[in-house]
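Engineer: Line order of the protein sequences matches chains A and B. Just so you know, we're using the UniProt record's numbering here: the first sequence kicks off at 1 and counts up by one. Just so you know, we're using the UniProt record's numbering here: the second sequence kicks off at 1 and counts up by one. The structure follows.
Number of protein chains: 2
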Amino acid sequence: MSAIFGKEILDYIYNLFSLEDEVLKEMERFGKENDFPIIDRYSGSFLNLITKIKKPELVVELGSGFGYSAYYFAKALENGKVVLIDYQERNIERARYFFEKGGLTDKAEFRVGDAVEIAKEYKDIDILFLDLEKLRYLEAVKTLEENLSEDAIIIADNVLWHGNILSETDRKAERLREFNSYMSERYRSIIIPVGDGLLLSVK
Amino acid sequence: MSAIFGKEILDYIYNLFSLEDEVLKEMERFGKENDFPIIDRYSGSFLNLITKIKKPELVVELGSGFGYSAYYFAKALENGKVVLIDYQERNIERARYFFEKGGLTDKAEFRVGDAVEIAKEYKDIDILFLDLEKLRYLEAVKTLEENLSEDAIIIADNVLWHGNILSETDRKAERLREFNSYMSERYRSIIIPVGDGLLLSVK
Chain A
1 MSAIFGKEIL
11 DYIYNLFSLE
21 DEVLKEMERF
31 GKENDFPIID
41 RYSGSFLNLI
51 TKIKKPELVV
61 ELGSGFGYSA
71 YYFAKALENG
81 KVVLIDYQER
91 NIERARYFFE
101 KGGLTDKAEF
111 RVGDAVEIAK
121 EYKDIDILFL
131 DLEKLRYLEA
141 VKTLEENLSE
151 DAIIIADNVL
161 WHGNILSETD
171 RKAERLREFN
181 SYMSERYRSI
191 IIPVGDGLLL
201 SVK
Chain B
1 MSAIFGKEIL
11 DYIYNLFSLE
21 DEVLKEMERF
31 GKENDFPIID
41 RYSGSFLNLI
51 TKIKKPELVV
61 ELGSGFGYSA
71 YYFAKALENG
81 KVVLIDYQER
91 NIERARYFFE
101 KGGLTDKAEF
111 RVGDAVEIAK
121 EYKDIDILFL
131 DLEKLRYLEA
141 VKTLEENLSE
151 DAIIIADNVL
161 WHGNILSETD
171 RKAERLREFN
181 SYMSERYRSI
191 IIPVGDGLLL
201 SVK
């Protein structure tokens, strides 16, 4: 690729196009105070935009944390719903609190437990979002392929692994490379090189 | 935004996900030999993927050159067509040659003349792609807004202006900033910071 842009230009993009929302700001503060990693705001805006284009009926998230990324999906939904799944009940309770505050609970379903196991209950998933334990990305996709709708989109966060994706000694990097290779062979895919790397794949 | 990735990682992305096609490679060689600027391959793959998600009936390109970006649109179309417009007849003839070679002429319409004037003939444009003279971006969008379909997408190339978008002395940078601001206020938009900056906007 030809151009690598510096911080000043990335800030320009970030400031010009962020989705403004008071609940999102509160979630960002909560994440910061509790040292809870969330996707960056640019990636959130990207999820929101892709959802507007795709118009999904069913979005399923694996690894929702306290609902920050799910909130961007929910804000873009017209009719469908987003299923939030996290193995920690307190995360899902926190997500429910934020969704209530944002008036978005009618667009969401809140589930506690193993993300892959719970996701298997859903058929015709239009957007599958992966943000669970990185070692499980490939297993998650392979397990859930039969649960995807015909033209499903798969989106995965952290696929550049903090810029360490090419590391030969990092086990998670190695597994993420396997995942990226699988996605490039089996789907039309692209990685958006922002935040921690966002993979977008189409069946 | 949190992370800026280096050349090694951008090359990893580029190599893993490029769309392989012999005609595209020939077009790349032609562009290089004739010093004719084209979008980079990553941006092409992005256009292709968005088209697969959007499933447009009508794509209109302003400033098609010899058809490199249009080819990525055409390859992703199921039923629709892409209208190529360029003011130079020899560019459009060259595009026709490449589209014939790729077996894609049934998905394309070839037009010679002023891009904005010709585009006005089309109604319900699902994807409007801007790659014409940069000083005309804002005029083009304002003129063609009434020709867009209800959920249209607008995509514009070069919106980071070779990394000079923040220049205070470059007239084109100033006009592109005006365009970017307009798009951020009137649409849900995002800039993909690859190639020369690709704007994606949804009505």
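Heads up, the beta-carbon is just placed ideally off N, CA and C, and yes, glycines get one too.
1) Might you give, ordered along the chain, the residues of its own chain that have their beta carbon closer than 8 Å to the beta carbon of A/M183, omitting 5 neighbours on each side?
2) Using a Cβ-Cβ cut-off of less than 8 Å, give me the residues of the region 179–198 of chain A that come near chain B, in sequence order.
3) Just checking: is the beta-carbon of A/S2 within a distance shorter than 8 Å of some beta-carbon in chain B?
4) Is B/V23 helix, strand or coil by DSSP?
5) By how many angstroms is the C-alpha of B/R136 removed from the C-alpha of B/E168?
6) Check whether the Cβ of A/L200 lies closer than 8 Å to any Cβ atom in chain B.
7) With a 10 Å radius around its C-beta and 16 neighbouring C-beta atoms as the bar for buried, classify B/K101 as buried or exposed.
8) Going along the chain, which residues of its own chain have a beta-carbon closer than 6 Å to the beta-carbon of B/M1, five neighbours each way excluded?
9) Taking only runs that begin and end inside the region 90–129 of chain A, name each unbroken alpha helix (DSSP H) of 4 or more residues, in chain order.
10) Which first and last residues belong to the alpha helix (DSSP H) in which B/D11 is found?
11) Using a beta-carbon distance cut-off of less than 9 Å, what residues from the region 33–66 of chain B approach chain A?
12) Kindly indicate which three-state DSSP category A/H49 falls into: helix, strand or coil?
13) Compute the beta-carbon to beta-carbon distance between A/R27 and A/Y71, rounded to the nearest angstrom, for a pair I have assumed lies under 8 Å.
14) Helix or strand or just coil, what does DSSP make of residue 221 of chain A?
15) Going by beta-carbon coordinates alone, are B/D127 and B/K54 separated by less than 8 Å?
16) With DSSP collapsed to three states, give me the class of B/V159.
17) Go to B/V60, then tell me how far its beta strand (DSSP E) extends in each direction, as first and last residue.
18) Output the distance between the C-alpha atoms of B/A108 and B/S69, rounded to the nearest integer angstrom.
19) Around the C-beta of residue 260 of chain B, are 16 or more other C-beta atoms found within 10 angstroms, so that it is buried, or is it exposed?
20) Can you have a look at A/S43 and say buried or exposed, based on whether 16 or more other CB atoms are within 10 angstroms of its CB?
21) With contact counted as at least three CB pairs below 8 Å, one residue from each stretch, are the region 116–132 of chain B and the region 52–66 of chain B in contact?
22) For A/L138 and A/E89, what's the separation of their Cα atoms in angstroms?
23) Does the beta carbon of B/I153 sit closer than 8 Å to a beta carbon anywhere in chain A?
24) Got a sec? Which residues, its chain only, sit under 6 Å from B/R41 by beta carbon, not counting five neighbours each side?
25) By the criterion of Cβ-Cβ separation under 7 Å, what are the contact partners of A/I8 in chain B?
26) Would you please state the rounded distance, in angstroms, between the beta carbons of A/N180 and B/L10? I believe it to be under 8 Å.
27) Can you give me the C-alpha to C-alpha distance between A/E8 and A/G31, rounded to a whole angstrom?
28) When burial is assigned at 16 or more other CB atoms within 10 Å of the CB, is A/N158 buried or exposed?
29) Terminal residues of the continuous beta strand (DSSP E) containing A/D194?
Structural biologist: Concretely, from the data shown:
1) V141, I154, A156, S189, L199, S201
2) N180, S181, S184, R188, S189, I190, I191, I192, P193, V194, G195, D196, G197
3) In this predicted model, A/S2 has a pLDDT of only 44, less than 50, meaning its place in the structure is not dependable; the value taken from the coordinates is given anyway. Answer yes: the Cβ-Cβ gap between A/S2 and chain B drops below 8 Å somewhere.
4) helix
5) 19 Å
6) yes
7) exposed
8) Bear in mind that a pLDDT of 46 at B/M1, under 50, signals an unreliable position, so the number given afterwards is only what the model happens to contain. Closer than 6 Å at the Cβ level, and outside the excluded window around B/M1, lies no residue.
9) 115–119
10) 7–17
11) D40, R41, Y42, S43, S45, F46, N48, L49, I50, K52, I53, K54, K55
12) It should be noted that the sequence gives Leu, not His, for residue 49 of chain A. In this structure, A/L49 counts as helix in the three-state DSSP scheme.
13) It should be noted that the sequence gives Met, not Arg, for residue 27 of chain A. Contact holds; Cβ gap of about 7 Å.
14) Chain A is shown only over 1 to 203; residue 221 of chain A falls outside these bounds and no answer can be derived.
15) Note that residue 127 of chain B corresponds to Ile in the displayed sequence, not to Asp. Going by C-beta atoms, B/I127 is nearer than 8 Å to B/K54.
16) coil
17) 58–62
18) 12 Å
19) Residue 260 of chain B is absent from the model: chain B starts at 1 and stops at 203.
20) buried
21) yes
22) 25 Å
23) yes
24) S18
25) According to the sequence shown, residue 8 of chain A is Glu rather than Ile. The answer, in chain order, is L166.
26) About 14 Å separates the two Cβ atoms, so there is no contact after all.
27) 24 Å
28) buried
29) It should be noted that the sequence gives Val, not Asp, for residue 194 of chain A. It is not in any beta strand (DSSP E) - A/V194 carries neither H nor E in the DSSP assignment.
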